[in-house]
Amino acid sequence: MTPAQPSSSALRFLLPSVRDIIFTFLFWSVLAGSLSNRPLADADIGWHIRTGEQILATHSLPRTDPFSSTMQGQPWFAWEWLYDILLGILHQACGLNGVVWLCALLVAAIFALLLSQLVKRGTGLPLAIVLMLLAEAAATIHLYARPHIVSWLFSLLWFVALDRWERCEHASPPRWMPWFFPASMLLWVNLHGGWLFGMALLGIYTFAAFVESARAQDAFAAIRAAHRARAMAAAWVASAVATLVNPFGGRLHAHIYLYLGDRYLMNRIDEFKSPDFHGWAQRCFAVILVLVLIAFASNRKKLRLSHLLIVLLAAYAGFYSSRNLPVSSMLLVLVAGPILWESFASLADKPGAWQWVRNGTARISQFSDRMGAQEMEIRGHLWPVVSVAVAFAICLQGGWLGSRQLIHARFDPQRVPVAAVTFLQKEFQGKQPSTEPVFSTDAWGGYLIYRMYPERKVVVDDRHDLYGSGRIRQYLILTQAEPGWQSVLEEWQIRTALLPAGSTLANLLRELPRDWRVTYEDKVAVVFERR
Numbered sequence: 040m041t042p043a044q045p046s047s048s049a050l051r052f053l054l055p056s057v058r059d060i061i062f063t064f065l066f067w068s069v070l071a072g073s074l075s076n077r078p079l080a081d082a083d084i085g086w087h088i089r090t091g092e093q094i095l096a097t098h099s100l101p102r103t104d105p106f107s108s109t110m111q112g113q114p115w116f117a118w119e120w121l122y123d124i125l126l127g128i129l130h131q132a133c134g135l136n137g138v139v140w141l142c143a144l145l146v147a148a149i150f151a152l153l154l155s156q157l158v159k160r161g162t163g164l165p166l167a168i169v170l171m172l173l174a175e176a177a178a179t180i181h182l183y184a185r186p187h188i189v190s191w192l193f194s195l196l197w198f199v200a201l202d203r204w205e206r207c208e209h210a211s212p213p214r215w216m217p218w219f220f221p222a223s224m225l226l227w228v229n230l231h232g233g234w235l236f237g238m239a240l241l242g243i244y245t246f247a248a249f250v251e252s253a254r255a256q257d258a259f260a261a262i263r264a265a266h267r268a269r270a271m272a273a274a275w276v277a278s279a280v281a282t283l284v285n286p287f288g289g290r291l292h293a294h295i296y297l298y299l300g301d302r303y304l305m306n307r308i309d310e311f312k313s314p315d316f317h318g319w320a321q322r323c324f325a326v327i328l329v330l331v332l333i334a335f336a337s338n339r340k341k342l343r344l345s346h347l348l349i350v351l352l353a354a355y356a357g358f359y360s361s362r363n364l365p366v367s368s369m370l371l372v373l374v375a376g377p378i379l380w381e382s383f384a385s386l387a388d389k390p391g392a393w394q395w396v397r398n399g400t401a402r403i404s405q406f407s408d409r410m411g412a413q414e415m416e417i418r419g420h421l422w423p424v425v426s427v428a429v430a431f432a433i434c435l436q437g438g439w440l441g442s443r444q445l446i447h448a449r450f451d452p453q454r455v456p457v458a459a460v461t462f463l464q465k466e467f468q469g470k471q472p473s474t475e476p477v478f479s480t481d482a483w484g485g486y487l488i489y490r491m492y493p494e495r496k497v498v499v500d501d502r503h504d505l506y507g508s509g510r511i512r513q514y515l516i517l518t519q520a521e522p523g524w525q526s527v528l529e530e531w532q533i534r535t536a537l538l539p540a541g542s543t544l545a546n547l548l549r550e551l552p553r554d555w556r557v558t559y560e561d562k563v564a565v566v567f568e569r570r
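When we follow our numbering, the leftmost residue of the sequence shown carries the number 40, and every step to the right adds one.
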């Protein structure tokens, strides 16, 4: 071995790659930087944390609702129980810093993997970075520390594995590949309900393989495609069976079907509504769609059926619900990236193009090829590992590094009723504490569960699948002051209400001073007590 070889190996291990730099930047941005206000922007995470802690304390899954006064004792499907346990462990060890640490780790890993796959699939490094940033910007619409982030990761992994399987035209796929899908489904189905999207991806590639076997001109190609189609179909069946390996069995499937099929809920829950393209995240998704159209228009001959179906699925999912924008954006850039780069690079040899365009394109392509090759040679990933480990050690110390607090994850007091809940907790100091349920908005319910459970329950929160369209209809009648709102107040026996300052219901209760009194008020929330 020459002296230069160890040195080269050491450099490949020690030098950070572009992927390492992006991972580290994204990780710290979500944990303690410009994106740190996003993970806890949705108070939903509060009941996930308490569910995980309850499972750890009782060593059993809750089968009935423990948090709500209106649904207490009713059947509840805590289908994200495995992720909730992770949250419970991290929260007990590090508080909210640990919860955001996990979110930052997953987000950074997902988009570093996305960049890596773009480059491996033939997208030039400059374009790959741009597409990755567009997908990341689109994902900020739903960048919360909730279990759905796991579905981003699994959807990406399943697409990569399926695309690699399809590309094995002249060789057998790795032996592990058919088993990857049912094995990973055992985890996915217990982490988040997004496994339905994975089944759709596998179904698309299976269908495309059957079509390819029927249309192939070459007999050997038809045989290989038919063999792949049967293997994929078997993987789909095995994965479908794996979805039954959950604490609720087949009842989970029926519950999810009834939930997603409830048009009243789907039309009124914000994250299930179609995106409003006035926001930056939605605009980035629109840009990605335009780039996909350009890619298809520039190179229609090499478009595979599976990719066309993936684009149709991703576009439909993105237009149908804003919560689908992150996964849809990642799949779209993975399909469009290589096609766009190939079309760009072909300008260097296009006879009709201007000379300066051909020369510039050739130089950019050569630079990108060198950078891409160098990028793939660096595989140590030392610095991301060190960053994650150091950040976790800091989280264990309460976010402090010496005399400076670097990490301070918290719910934004300008968006959630932090001070109002503190008032309710201190209101009965020295007296018998109140156990009256607290009515608030569904968006704040998770935060109240996080702060006040088990001393006080909520009347309603954002577990809409638990409450169903009947309860949510009553909730909207009450909060929007529709005819019959006072009847809902009486039926639910509400005696304490914590409402957004200036909300319709808060203004109405102010007009009933004989029945309700204001006990606390600030710019965010107002607390009413029944006289």
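We treat Cβ as the ideally placed atom computed from N, Cα and C, and that holds for glycine.
Return the CA-CA distance between S73 and F62, expressed in angstroms with no decimal places. On the sequence shown, residue 73 is found 34 positions in, with the first residue counted as 1. On the sequence shown, residue 62 is found 23 positions in, with the first residue counted as 1. Spanning the alpha carbons of S73 and F62 requires a straight line of approximately 15 Å.
Would you mind working out which of H266, L166, A96 sits nearest W204, comparing C-alpha positions? Here residue 204 is taken as the residue at index 165 of the sequence shown, counted from 1. Closest by alpha carbon: H266.
Own chain partners of Q44 with C-beta closer than 7 Å, once the 5 adjacent residues on each side are dropped: As a first step, residue 44 must be located in the sequence shown, where it is residue number 5. Residue confidence for Q44 is low, a pLDDT of 45 falling below 50, so the modelled location carries little weight and cannot support an answer.
Under a three-way DSSP split, which group does F52 fall into? Residue mapping note: residue 52 aligns to position 13 of the sequence shown, counting from 1. The answer is helix: DSSP assigns F52 an H, G or I state.
Would you grab the beta carbon distance between I149 and L201 for me? Rounded to a whole angstrom, and I think it's under 8 Å. The count along the sequence shown starts at 1 and reaches residue 149 at position 110. The count along the sequence shown starts at 1 and reaches residue 201 at position 162. That pair is no contact at about 17 Å.
C207 classed as buried or exposed, judged by whether at least 16 other C-beta atoms fall within 10 angstroms: Here residue 207 is taken as the residue at index 168 of the sequence shown, counted from 1. With a threshold of 16 other beta carbon atoms within 10 Å, C207 falls short and is exposed.
Would you kindly check if the distance between the Cβ of S313 and the Cβ of S367 is under 8 Å? As a first step, residue 367 is located in the sequence shown; it is residue number 328 there, counting from the start. As a first step, residue 313 is located in the sequence shown; it is residue number 274 there, counting from the start. Not a contact, by the Cβ cut-off of 8 Å.
Do you know how far the Cα of Q405 is from the Cα of P42? By one-based count along the sequence shown, residue 42 stands at place 3. By one-based count along the sequence shown, residue 405 stands at place 366. With a pLDDT of only 42 at P42, under the threshold of 50, the placement of this residue in the model should not be trusted, and no figure is reported.
Contacts around L515, its chain only, beta-carbon distance under 8 Å, and the 5 residues preceding and following it disregarded: The count along the sequence shown starts at 1 and reaches residue 515 at position 476. A distance below 8 Å between beta-carbons, with the five flanking residues on each side excluded, links L515 to the following residues of its chain, in chain order: R307, E521.
To the nearest angstrom, report how far apart I433 and N136 are at their CA atoms. Numbered from its first residue, the sequence shown carries residue 433 at position 394. Numbered from its first residue, the sequence shown carries residue 136 at position 97. If you draw a straight line from the Cα of I433 to the Cα of N136, it comes to about 9 Å.
Between the alpha carbons of Q525 and I84, how many angstroms are there, rounded? Position 486 of the sequence shown holds residue 525. Position 45 of the sequence shown holds residue 84. Take the alpha-carbon of Q525 and the one of I84: they are about 31 Å apart.
Straight-line CA distance for A174 to W531? In the sequence shown, the residue the question calls residue 174 occupies position 135. In the sequence shown, the residue the question calls residue 531 occupies position 492. Each residue's Cα considered, the two are about 44 Å apart.
For A536, the residue or residues it bridges with in DSSP: As a working note, residue 536 is residue 497 in the sequence shown. In the DSSP output, where bridge partners are listed per residue, A536 has F478, F567.
Just verifying my parser: in three-state terms, what is the DSSP assignment at S442? Counted from its first residue, the sequence shown places residue 442 at position 403. Coil.
If we ignore side chains and look at the alpha-carbon of each, how far apart do D81 and R409 end up? Locating residue 81 in the sequence shown gives position 42, counting from the first residue. Locating residue 409 in the sequence shown gives position 370, counting from the first residue. If you take the alpha carbons of D81 and R409, they lie about 43 Å apart.
One or two residues paired with T103 in a DSSP bridge: Against the sequence shown, residue 103 aligns to sequence position 64. In the DSSP output, where bridge partners are listed per residue, T103 has P114.
Tell me, please, whether the segment 163-180 touches the segment 362-377 by the rule of three or more beta-carbon pairs shorter than 8 Å. Yes, they touch.
E310, DSSP secondary structure in three states: Residue 310 sits at position 271 when you count from the first residue of the sequence shown. If DSSP states are grouped into helix, strand and coil, E310 belongs with the helices.
Report the three-state DSSP secondary structure of Y492 (helix, strand or coil). Working through the sequence shown from its first residue, we reach residue 492 at position 453. If DSSP states are grouped into helix, strand and coil, Y492 belongs with coil.
Can you tell me whether DSSP reads E560 as helix, strand or coil? What you label residue 560 is simply residue 521 of the sequence shown in a count that begins at 1. Three-state DSSP puts E560 in a strand.
Which residues bound the alpha helix (DSSP H) around F462? In the sequence shown, counting from the first residue as 1, residue 462 sits at position 423. F462 -> alpha helix (DSSP H) spans 457-465.
Between Y183 and W197, what straight-line distance do the alpha-carbon atoms span, to the nearest angstrom? Reading the sequence shown from its first residue, position 144 is the one you call residue 183. Reading the sequence shown from its first residue, position 158 is the one you call residue 197. One C-alpha to the other measures close to 22 Å.
Could you pull the start and end residues of the alpha helix (DSSP H) that R302 belongs to? The residue labelled residue 302 in the question sits at position 263 within the sequence shown. Segment 302-305, the alpha helix (DSSP H) holding R302.
Can you give the Cα-Cα distance for L53 and R418, rounded to whole angstroms? For the purposes of this step, residue 53 is identified with residue 14 of the sequence shown, where counting begins at 1. For the purposes of this step, residue 418 is identified with residue 379 of the sequence shown, where counting begins at 1. Straight across, the Cα-Cα distance linking L53 with R418 is about 9 Å.
Among the candidates D257, A255, F220, Y303, whose CA atom is the shortest distance from the CA of A279? Your numbering for residue 279 matches position 240 in the sequence shown. If we check each option's Cα against that of A279, F220 comes out closest.
Find out if the Cβ-Cβ distance for the pair L505, L544 is shorter than 8 Å. Against the sequence shown, residue 505 aligns to sequence position 466. Against the sequence shown, residue 544 aligns to sequence position 505. No, Cβ-Cβ distance for L505 and L544 is not below 8 Å.
Quick check on W555: does DSSP put it in helix, strand or coil? Mapped onto the sequence shown, residue 555 falls at position 516. Taken through DSSP and simplified to helix, strand or coil, W555 comes out as strand.
According to DSSP, is V497 part of a helix, a strand, or is it coil? Against the sequence shown, residue 497 aligns to sequence position 458. Correct three-state label for V497: strand.
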